[in-house]
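Structure first, commentary second.
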Amino acid sequence: MSLDASPFPDERLAGASSDRTTSGARILPSQGLADARGRALRDLRISVTDRCNFRCVYCMPKEIFGHDYQFMDRDELLSFDEIERIARTAVSLGVDKLRITGGEPLLRRGIEELIKRLAALRTPDGRKPDLAMTTNGSALRVKAEALRAAGLDRITVSVDSLDDAKFQAINDVRFPVSRVLDGIAAAADAGLGPIKINAVVKRGVNDDDIVPLAEHFRDLGYTLRFIEYMDVGSSNGWVLEDVVPSAEIVGRIDAVHPLEPIAASRPGETAKRWRYRDGSGEIGVISSVTGAFCGSCTRARVSAEGKLFTCLFATSGFDLRALLRDGVSDDQLRDALSGVWRVRDDRYSEIRAAETPQQRERVEMSYIGG
Ligand code: SAM
Ligand code: SF4
Ligand code: SF4
Numbered sequence: 031m032s033l034d035a036s037p038f039p040d041e042r043l044a045g046a047s048s049d050r051t052t053s054g055a056r057i058l059p060s061q062g063l064a065d066a067r068g069r070a071l072r073d074l075r076i077s078v079t080d081r082c083n084f085r086c087v088y089c090m091p092k093e094i095f096g097h098d099y100q101f102m103d104r105d106e107l108l109s110f111d112e113i114e115r116i117a118r119t120a121v122s123l124g125v126d127k128l129r130i131t132g133g134e135p136l137l138r139r140g141i142e143e144l145i146k147r148l149a150a151l152r153t154p155d156g157r158k159p160d161l162a163m164t165t166n167g168s169a170l171r172v173k174a175e176a177l178r179a180a181g182l183d184r185i186t187v188s189v190d191s192l193d194d195a196k197f198q199a200i201n202d203v204r205f206p207v208s209r210v211l212d213g214i215a216a217a218a219d220a221g222l223g224p225i226k227i228n229a230v231v232k233r234g235v236n237d238d239d240i241v242p243l244a245e246h247f248r249d250l251g252y253t254l255r256f257i258e259y260m261d262v263g264s265s266n267g268w269v270l271e272d273v274v275p276s277a278e279i280v281g282r283i284d285a286v287h288p289l290e291p292i293a294a295s296r297p298g299e300t301a302k303r304w305r306y307r308d309g310s311g312e313i314g315v316i317s318s319v320t321g322a323f324c325g326s327c328t329r330a331r332v333s334a335e336g337k338l339f340t341c342l343f344a345t346s347g348f349d350l351r352a353l354l355r356d357g358v359s360d361d362q363l364r365d366a367l368s369g370v371w372r373v374r375d376d377r378y379s380e381i382r383a384a385e386t387p388q389q390r391e392r393v394e395m396s397y398i399g400g
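Taken in order, the sequence shown gives residues 31 to 400; the numbers are from the numbering used here.
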């Protein structure tokens, strides 16, 4: 879907009503706002910076994100006021899960202040939205306590290998895995749980780490989620042969530690869950390539400069920052969000096979936040 044109040209100033936005988008009482395929808007991922202190080879390869790479200027980033307004509006439309991401979100100065503001939001029925963050963990030892005190509920940390040489080769900035593991311990001590770990698996790079990772995080009691290496962006040189299918990941662990499938904990959950038959914990697999879950995708994303994306693989986003800096009212902002969601028809993972990578120019993972 192209979002270059406004989906709500004429209806911006109409009056609000209880189950319709001013642009007429339907908000189903039990489901929230529905898109063109009947999917509710439930999750909002907010990227707070496009910068990162890592150069993971599958996300921000050094050849592209080198010294002369032009990251966003400070005034291009959404301010905390702007992020809070967007989040508040999304929550009023049915979002009950907010995730802060990046780039590396802990690099954003004053991030605790933003967490505090978002933690104060309430859903229309008075609940605090689930507030989580995805981080590379490099600054958690320093930040975990303050994040928890500010109201962050949960944290997901990315760890692709426990082998230090391999971990450093993947992050490509010589960052030792021990410091990330220490950051995870700090997060646990601070009460930022349940902690989840993300591991992207790339064939020939870290597929040997599947079982050691599973054993390590099972023993610590954290849920590890394996993510199939995805064709996001245009800079990581993705080819299908590099993807280790979830079925293979599950098979490799099952051969050593028998697994059985378990039900999703909530509608729209991206990970398929498996538990160890001996009761020692669970893992998840996110099959973005081999098992599309577009039919239950309830997620929108806002980039650090305020573009609203309705799909991880979208080619363009809707400019919320322009609206905000133009002085829109709360109703108009609500109309903008609901208008974009209402016409949403994305299902890239379902149709990926019919496209070649060259057919579309996609935004980078570090820009949109994963
Ligand atoms: N810097 C933080 C981190 O690494 O956790 C947050 C942003 S990062 C873009 C969010 C997640 O996207 C990470 O778990 C990362 O491993 C994952 N990711 C990045 N590039 C990916 C790719 N090509 N395929 C699958 N997952 C990817
Ligand atoms: Fe940075 Fe996260 Fe991308 Fe790695 S995956 S380069 S830590 S944004
Ligand atoms: Fe959602 Fe797009 Fe991913 Fe499908 S491809 S699950 S619509 S983000």
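Here a beta-carbon is modelled for each residue, glycine too, at the ideal position from N, C-alpha and C. Since we're looking at a predicted model, the values are computed, not measured.
Pick helix, strand or coil for residue i, following the three-state DSSP scheme.
{"i": "Ile225", "result": "coil"}
{"i": "Ser60", "result": "Unreliable positioning characterises Ser60 in this predicted model, as indicated by a pLDDT of 47, which lies under 50. The coordinate reading is nonetheless provided below. Three-state result, Ser60: coil."}
{"i": "Ser53", "result": "For Ser53, the predicted model reports a pLDDT of 46, less than 50, meaning its position is unreliable; a value from the coordinates is still stated below. Residue state, collapsed to three classes: coil."}
{"i": "Arg305", "result": "strand"}
{"i": "Pro135", "result": "helix"}
{"i": "Asn71", "result": "Checking the sequence, you will find Leu at residue 71 rather than Asn. Of the three classes helix, strand and coil, the one that applies to Leu71 here is coil, per DSSP."}
{"i": "Ser36", "result": "The pLDDT assigned to Ser36 is 39, lower than 50, so where the model puts this residue is not dependable, and the model offers no usable value."}
{"i": "Phe411", "result": "Here the chain comprises residues numbered 31 to 400, so residue 411 is not present and cannot be evaluated."}
{"i": "Thr119", "result": "helix"}
{"i": "Phe95", "result": "coil"}
{"i": "Lys173", "result": "helix"}
{"i": "Ala330", "result": "strand"}
{"i": "Val78", "result": "coil"}
{"i": "Leu367", "result": "helix"}
{"i": "Met163", "result": "strand"}
{"i": "Gly400", "result": "coil"}
{"i": "Arg296", "result": "coil"}
{"i": "Gly314", "result": "strand"}
{"i": "Arg85", "result": "coil"}
{"i": "Asp202", "result": "coil"}
{"i": "Ser276", "result": "helix"}
{"i": "Phe348", "result": "strand"}
{"i": "Leu148", "result": "helix"}
{"i": "Leu289", "result": "strand"}
{"i": "Ser188", "result": "strand"}
{"i": "Arg374", "result": "coil"}
{"i": "Met395", "result": "helix"}
{"i": "Leu182", "result": "coil"}
Whole-angstrom Cβ separation of residue i and residue j, contact assumed at under 8 Å?
{"i": "Met102", "j": "Glu335", "result": "6 Å"}
{"i": "Val189", "j": "Ala229", "result": "6 Å"}
{"i": "Leu170", "j": "Ala120", "result": "That pair is no contact at about 26 Å."}
{"i": "Ala366", "j": "Leu353", "result": "6 Å"}
{"i": "Val370", "j": "Leu338", "result": "6 Å"}
{"i": "Val241", "j": "Val207", "result": "That belief does not hold up - the Cβ atoms of Val241 and Val207 are roughly 17 Å apart, past 8 Å."}
{"i": "Arg374", "j": "Asp65", "result": "4 Å"}
{"i": "Ile130", "j": "Ile76", "result": "6 Å"}
{"i": "Val78", "j": "Arg118", "result": "At roughly 16 Å, the Cβ-Cβ gap does not stay under 8 Å, so Val78 and Arg118 are not in contact."}
{"i": "Ala149", "j": "Leu161", "result": "6 Å"}
{"i": "Gly298", "j": "Ser326", "result": "5 Å"}
{"i": "Val280", "j": "Tyr259", "result": "About 16 Å; that fails the 8 Å criterion."}
{"i": "Val315", "j": "Ser276", "result": "4 Å"}
Closest by CA to residue i, which one among the options?
{"i": "Ala301", "options": "Phe247, Cys341, Arg255", "result": "Arg255"}
{"i": "Pro159", "options": "Asn166, Leu289, Arg147", "result": "Arg147"}
{"i": "Val172", "options": "Cys327, Phe197, Asp212, Glu143", "result": "Asp212"}
{"i": "Arg72", "options": "Asp272, Glu258, Thr153", "result": "Thr153"}
{"i": "Lys127", "options": "Asp65, Arg282, Ala293, Thr164", "result": "Thr164"}
{"i": "Gly234", "options": "Tyr88, Ile398, Val393", "result": "Tyr88"}
{"i": "Gly132", "options": "Glu380, Val125, Ile141", "result": "Ile141"}
{"i": "Ser368", "options": "Ile240, Phe95, Glu394, Ile116", "result": "Ile116"}
{"i": "Ala220", "options": "Arg372, Ile185, Val286", "result": "Ile185"}
{"i": "Val125", "options": "Val210, Lys337, Leu74", "result": "Leu74"}
{"i": "Glu312", "options": "Arg209, His246, Lys232", "result": "His246"}
{"i": "Leu123", "options": "Val78, Arg138, Asp360", "result": "Asp360"}
{"i": "Asp238", "options": "Ile225, Ile214, Ser295, Lys196", "result": "Lys196"}
{"i": "Ser317", "options": "Arg118, Ser379, Gly263", "result": "Ser379"}
{"i": "Val210", "options": "Ala293, Asn83, Gly267", "result": "Asn83"}
{"i": "Trp304", "options": "Leu107, Ser326, Ile292", "result": "Ile292"}
{"i": "Val332", "options": "Arg69, Arg85, Ser109", "result": "Ser109"}
{"i": "Ala70", "options": "Gly357, Leu144, Thr340, Gly399", "result": "Thr340"}
{"i": "Leu107", "options": "Ala199, Phe95, Asp80, Tyr99", "result": "Asp80"}
{"i": "Gly68", "options": "Met395, Arg372, Ser191", "result": "Arg372"}
{"i": "Lys232", "options": "Tyr252, Asp356, Asp261, Gly251", "result": "Asp261"}
{"i": "Glu394", "options": "Leu63, Cys86, Gly62", "result": "Cys86"}
{"i": "Gly223", "options": "Leu250, Ala199, Ala244", "result": "Leu250"}
{"i": "Tyr167", "options": "Asp98, Leu144, Asn201", "result": "Residue identity differs from the one stated: residue 167 is Gly in this sequence, not Tyr. Answer by Cα proximity: Asn201."}
{"i": "Ala179", "options": "Asp376, Asn236, Ile381, Ile145", "result": "Ile145"}
{"i": "Phe323", "options": "Gly309, Glu278, Asp376, Gly357", "result": "Asp376"}
Against chain B, with Cβ distances strictly below 8 Å, would residue i count as a contact?
{"i": "Arg147", "result": "Here chain B cannot be found, since the structure has a single protein chain."}
Considering only heavy atoms of ligand 3 and the C-beta of each residue, which residues fall inside 7 Å, strictly closer? A residue is listed when its beta-carbon falls short of 7 Å from at least one non-hydrogen atom of ligand 3; in chain order these are Ser318, Ala322, Phe323, Cys324, Cys327, Arg329, Cys341, Leu342, Phe343, Asp376, Arg377, Tyr378, Ser379, Glu380.
Considering only residues of the stretch 229-267, which uninterrupted beta strand (DSSP E) runs meet the minimum length of 3 residues and lie entirely inside it, listed in chain order? 253-258, all fully within the stretch 229-267.
Relative to ligand 2, what is the chain-ordered list of residues with a Cβ closer than 5 Å to any of its non-hydrogen atoms? Selection output, chain order preserved: Cys82, Phe84, Cys86, Cys89, Met90, Asn166, Ser396.
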